Amino acid sequence: MHNCLERALRARGATCLVLDIGKGQLPAQGVIPAGSVPRFSALLFSRAAVGYRVHVHTNGANAKSWMLAQACAAAGRLSGGALITLHSGLGPDWLLENPARGAMARSVLAQFSRVIAVSAPIRQALARCGVRDVEVVPAFSHEFIQPGTPPDGLAGLRAKAAPLYCAMTAPRREYGQEVLLRAFAEVRVKLPDAALALYGPGSDTVRDAGVHAFGELHRPQALALMAACDVFVRPTLADGDSVSVREALALGRRVVATSVGHRPAEVRLVPPGDAAALAEALVASSAETGAQQPAVTSDGLQRILSLYGVTACAASAAS
74 MHNCLERALR ARGATCLVLD IGKGQLPAQG VIPAGSVPRF SALLFSRAAV GYRVHVHTNG
134 ANAKSWMLAQ ACAAAGRLSG GALITLHSGL GPDWLLENPA RGAMARSVLA QFSRVIAVSA
194 PIRQALARCG VRDVEVVPAF SHEFIQPGTP PDGLAGLRAK AAPLYCAMTA PRREYGQEVL
254 LRAFAEVRVK LPDAALALYG PGSDTVRDAG VHAFGELHRP QALALMAACD VFVRPTLADG
314 DSVSVREALA LGRRVVATSV GHRPAEVRLV PPGDAAALAE ALVASSAETG AQQPAVTSDG
374 LQRILSLYGV TACAASAAS
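First residue of the sequence shown? That's 74 in this note's numbering, and the numbers climb one at a time after it.
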């Protein structure tokens, strides 16, 4: 979402800087690698001191995330109050596991001028912690769904694959990569010409039969890969509101995803962690006939811009 926000604000004559505390992220326009805690703190407070609005995007599912939130709330007091968006489907269980965490969340979030959740389950968990007035806004916009130059090797893969599946993955367990690979092995028994295109951090280490890994991609390349596939797969064990699922639907792709977090109505759902059910759904989805119409799903961009007042803004992104 930070990419869309940064581009939308620039297009409207505003200024936006993205402070990225993630590790190993691809370079991107408007994104400043924040690096260490001292560097991040200096960048954050210096921008807030000259009037930049602070909006922190974080997962809310670990102590580091809440330390980041506290720092951004403090900086936000210099520029009229900060906003926070909580993204992770792991957040609710983490918060509700320990009453002290709920009390901590209540204390930290009380310092923000606006609290946003990307899905109703996250808002419900916050309500159980005593946090009120949480708005649900999807971290998605149709405004910049523009596939770019396809990654090297995609054209040849597309020509041979029947069907071509695509998924974004990461080395963390909640992304469900092991389940996906087991399911795809079952699919290949029935559909020997099937291929699976993976992208995302760590994907280039996968060597399974029929799997073609593209590694980390810039968003335009990822959209090109997504647009070329027959079925997009989201096998996660937990989710907030997946941007990649909404992007695939907007591109007219069929989508198979686990029944966690928020899923648009057009998605074919399977239980999380069930490789057999996922394999069955992948085969069934690839057999569907007729063109898939691009789905029109909720768009959070205009709401976020209205909260900014489309003025100078600093967005802080957490990994």
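Quick reminder that beta carbons are idealized off the backbone N, C-alpha and C, glycines included.
Quantities reported herein were computed from a predicted structural model and do not represent experimental measurements.
Run of the alpha helix (DSSP H) containing residue i, from where it starts to where it stops
i, result
"Ala348", "Ala348 to Ser359"
"Pro111", "Val110 to Ala122"
"Val318", "Val316 to Ala323"
"Val181", "Pro172 to Leu182"
"Ile377", "Leu374 to Tyr381"
"Ala144", "Ala136 to Gly149"
"Leu298", "Arg292 to Ala301"
"Arg231", "Leu227 to Lys233"
Assigned secondary structure, residue i (DSSP; H/G/I helix, E/B strand, else coil)
i, result
"Phe257", "helix"
"Ala391", "Low per-residue confidence applies at Ala391: pLDDT is 40, beneath 50, and the placement is therefore not dependable, though the value from the model is reported in the following sentence. Ala391 falls in the coil class under three-state DSSP."
"Ser238", "Strictly speaking, residue 238 in this sequence is Tyr, with Ser absent from that position. Tyr238 falls in the strand class under three-state DSSP."
"Asn76", "helix"
"Tyr248", "helix"
"Cys89", "strand"
"Val284", "strand"
"Val204", "coil"
"Thr331", "strand"
"Ala270", "strand"
"Ile195", "helix"
"Pro165", "helix"
"Ser341", "Contrary to the premise, residue 341 reads as Arg rather than Ser in this sequence. Note: Arg341 maps to strand in three-state DSSP."
"Leu310", "coil"
"Arg326", "coil"
"Arg83", "helix"
"Phe305", "strand"
"Thr158", "strand"
First through last residue of the beta strand (DSSP E) which encompasses residue i
i, result
"Ile189", "Arg187 to Ala190"
"Pro265", "Pro265 -> no beta strand (DSSP E), and no H or E assigned at all."
"His215", "First-last for His215: undefined, no H or E at that position."
"His128", "Arg126 to Thr131"
"Ile105", "Val104 to Pro106"
Contact belief for residue i with residue j at Cβ below 8 Å, rounded distance in angstroms
i, j, result
"Asp69", "Pro111", "Absent from the model: residue 69. The displayed extent of the chain is 74 to 392, so no value can be given."
"Val284", "Ser359", "Their Cβ separation, rounded to whole angstroms, is 16 Å, which puts Val284 and Ser359 out of contact at 8 Å."
"His160", "Gly313", "5 Å"
"Gly153", "Arg126", "7 Å"
"Leu199", "Ala178", "7 Å"
*asked:* Between the segment 223-243 and the segment 300-314, can you find at least three pairs of beta-carbon atoms closer than 8 Å?
replied: yes
*Please determine if the segment 332-349 and the segment 265-282 are in contact, where contact requires at least 3 C-beta pairs separated by less than 8 Å.*
no
*Taking contact to mean at least 3 C-beta pairs separated by less than 8 Å, is the segment 231-250 in contact with the segment 306-322?*
yes
_For the pair the segment 206-216 and the segment 139-152, tell me if three or more CB-CB distances fall below 8 Å._
no
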